[in-house]
Structures are given as C-alpha cells and as structure tokens.
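Residue numbers (the working numbering): 5 to 279.
We put the beta carbon where it would ideally sit given N, CA and C, even for glycine.
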C-alpha cells in the first residue's frame, strides 16, 4: 500500500520497548508516519498532526528505541558535540511532544495498549440515542440509516469527532427483532442504505460520519464491523471508512486502497490498534 499512499513505515507504541524508567513511547492512539524523504508526521485520532524534519525524526526514533540519555550520547559522539547541551535540547524537544499529547514517559503512566474510547465511563446520551436509532427492523433500514446519519452529523458538528466516536464505541449495541436471525440485513444492504442516506442528505457528509453510521448499523445487525483510519502523503491526507469481514461498506474500495491503514477499531479488540 505504501506504493500508492507514499507512507512506507508506520510506528505505534507497540513498536518500542518503553516500560522502564527514563523511556519514552508514543502516546496511545498516536502513530509516527515515516515518509520516503525521511521526514515524518506524528498523527493521532484527535486530529493532531506534527511535522518532523529528517534530523528530528532520527532523534525521536532513537529516543523511543534506546531512551533519551542513550540518544543524546550517540548524537553527541557522532557529531563531536557537548553531550550535556544535546541532552538539554532533546529534553526540550520531547517535552514539547509530551505537552502536545503525542509521546509519554514511563513515569507519567506508561501503557503500551491504547485504551478503549469511552472505557471506564457510562455511555453518553448521544451514544445511547445513536444505539437506539441503529436498532430496528430491516424493512426500515433506509429510514434508520438516514436517521443515524443525521444524528451523527449533528453530534460531530457540536461535540467533535473524538467525543462522538467515543460515545458510540462505549455503547453495547444489541440487535433486536429480525436483526437477530436469518432475515437480518447483509453488509451489502447496509452499504446501499448508507449510500442512499448520504445521497439524500441536504448537507455535505464527510467520510467520518459515513463510516460511523455504517459501523453502528453493522453492529446493530450483529455483523462484523471495523472502523479504519488511513493516511497518504504529499500532501498528507486522512480518510476513514468501515469494513465488515474485509469488505468496505458504503465507500469506494479504489479510493480506500490509496490510503495506508494506520488505525483500526473492532469490538473484538475493544481498542484502537495501529497496524
């Protein structure tokens, strides 16, 4: 996929040791995208993007792999620099990234597993409403798809993407009625319903609202559902879509193929993971 997206390397917290004093790791739900020109981008699910030049990328990878002290010693030795000055510069650099919520130290509560969005909190009213709308009979699938899409679009405009998706993922969406048996809708049925809702919606709908609507309807039918966030470079762009057993729902497979998968969420994992 890097051949079309321009992103040959993707790093997450699981790629680095962490877990020991003095170590840093990428924060949960944060990915480091290394580009062909050796620069990189730090990207997280909250929408933050931090561009790093080649030297900064090399330093950050060294800090994440070996620790700040080892990175300072190696850099000072290679370039015949004062090690204490290099250590101060690296500390300032990492502190900036930590302040932005893109890296974290072991002493700040290191975790090598991204927490499930909404974990430890009760589902919000927004999530409960969306879960209720998603449930229903197949006969009214297109009506439900339009209703869910409308509420998702409003919540995203008012509360933002991170809060809306957290509310939805925190809900246990249980199927009712026909959706429990052989008459439940297929991924194809849901895909058509969501596409129809998007086409009839009076305002533009972005990929995130389309993907989240598809995810909610798939879950309400007890069908496999995975949310995916991908990226491509030059210029850096992101795209979100939903899959069911590898089948892309309510989106263009050729368009999605242009993006390297960065983050994915499925109920089975219960957390966002980085490829």
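Residue pairing by DSSP puts residue 235 in a beta bridge opposite 242 and 264. For residue 48, the enclosing beta strand (DSSP E) covers residues 44-48. Taking each of 194, 198 and 35 in turn and checking the Cα distance to residue 105, the smallest one comes out for 35.
Here residue 101 is actually not in contact with residue 237; their C-beta atoms are around 20 Å apart, not less than 8 Å. About 7 Å separates the beta carbons of residue 271 and residue 229, which is inside the 8 Å limit, making them a contact pair.
Of the candidates 62, 196, 76 and 206, the residue whose Cα lies closest to the Cα of residue 157 is 206.
Secondary structure at residue 64: helix, using DSSP grouped into helix, strand and coil.
Within its own chain, the residues whose Cβ lies closer than 8 Å to the Cβ of residue 12, once the five positions on either side in sequence are excluded, are 6, 38, 39 and 40, listed in chain order. Residue pairing by DSSP places residue 55 opposite 45 in a beta bridge. In this chain, the beta strand (DSSP E) harbouring residue 277 covers 275-278. Contact check for residue 191 against residue 253 passes: the beta carbons are separated by less than 7 Å.
Per DSSP, the continuous beta strand (DSSP E) segment holding residue 37 begins and ends at 34-38. DSSP lists 230 and 252 as the beta-bridge partner residues of residue 247. Under the DSSP assignment, residue 196 falls in the alpha helix (DSSP H) whose first and last residues are 191-204.
With 16 or more other CB atoms across the displayed protein chains lying within 10 angstroms of its CB, residue 215 is buried.
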